[in-house]
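Residue numbers (the working numbering): 101 to 279. Beta carbons are placed, not taken as given, at the ideal position from N, Cα and C, and that holds for glycine. Worksheet: the structure to be examined is printed underneath.
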Amino acid sequence: MIPLLILGLLIQNPGAHGYELLSLMEKRHYKYIVNYTKGSFYYNLQQLEEKGFIEGTHEVRSNNGRDIHTFKITSLGIEEFEKLMAKYGTKSEYVNLPVYGALLFADVFDKHKLVELIQSQIDQTEDRIALLDEYLATIEESPGKIDYFGRMNENSRSHHLVNLKWFKELKADIESAND
């Protein structure tokens, strides 16, 4: 999925350098779409260049005179982008949270520690909702233009709200069973 993100960002931001692309991914909270690290991002960027999907140029930026590697997508990269759009655009998978694996053995785990784990999930989910709220507050609707990323984040927020409700109910059930 990382190649799709990089190619799409380069279509939207031709001539961007790697750090700019990575910053956009972080600013837009792409971590909620795909797991990536700085290393995996730069590895994929290098692979895309080696395969001829993007090409890099060296340009000197005037502010500090540093040599910066900028990128643009090639016609081969456009074809790859279209393939990846079809691949990921038609794919649907189950929601799979790591906590589900831990909950498989909740009946044999210390209930007080289990409540702590669930509280951790509640805290993390509330943090994600706050980040999404912060982003969604910045969206400006344009007439005749659909903000797909904004809608995606609204959908993500809805899922997090459902998870939050579920975690709180689960915690309450565990606590009442401990009484």
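Along the alpha helix (DSSP H) that carries residue i, what are the first and last residues, could you check?
{"i": "Asp233", "result": "211-236"}
{"i": "Lys268", "result": "248-278"}
{"i": "Val208", "result": "First-last for Val208: undefined, no H or E at that position."}
{"i": "Pro198", "result": "198-203"}
{"i": "Pro103", "result": "102-112"}
Thinking C-alpha only, which one of the options is nearest residue i?
{"i": "Ile111", "options": "Lys172, Ser276, Arg128, Asn278", "result": "Lys172"}
{"i": "Arg251", "options": "Leu121, Ala237, Leu176", "result": "Ala237"}
{"i": "Leu107", "options": "Asp233, His169, Glu180", "result": "Glu180"}
{"i": "Ile102", "options": "Leu270, Tyr188, Gly152", "result": "Tyr188"}
{"i": "Gly201", "options": "Leu176, Tyr143, Leu145, Leu217", "result": "Leu217"}
{"i": "Pro305", "options": "Val208, Phe249, Ser220, Ser140", "result": "The shown model of the chain, from 101 to 279, leaves out residue 305, and the question about it has no answer."}
{"i": "Ile239", "options": "Leu270, Glu254, Thr137", "result": "Glu254"}
{"i": "Asp167", "options": "Thr174, Gly156, Leu176, Ser192", "result": "Gly156"}
{"i": "Glu193", "options": "Glu269, Ile133, Ala277, Leu122", "result": "Ile133"}
{"i": "Ser276", "options": "Lys211, Leu264, Lys191, Leu232", "result": "Lys211"}
{"i": "Glu149", "options": "Lys131, Thr174, Pro114", "result": "Thr174"}
Quick one: grab the DSSP three-state call for residue i.
{"i": "Phe181", "result": "helix"}
{"i": "Ala241", "result": "Note that residue 241 corresponds to Glu in the displayed sequence, not to Ala. Residue state, collapsed to three classes: coil."}
{"i": "Lys191", "result": "coil"}
Who are residue i's beta bridge partners in DSSP?
{"i": "Gly156", "result": "Phe171"}
Measuring only from the beta carbon, is residue i closer than 7 Å to any heavy atom that is part of the ligand FAD?
{"i": "Glu216", "result": "By its list of ligands, the structure shown contains no ligand whatsoever, and the ligand FAD lies outside what it can speak to."}
Check: Considering only residues of the stretch 127-152, which uninterrupted alpha helix (DSSP H) runs meet the minimum length of 4 residues and lie entirely inside it, listed in chain order?
Finding: Runs found: 138-150.
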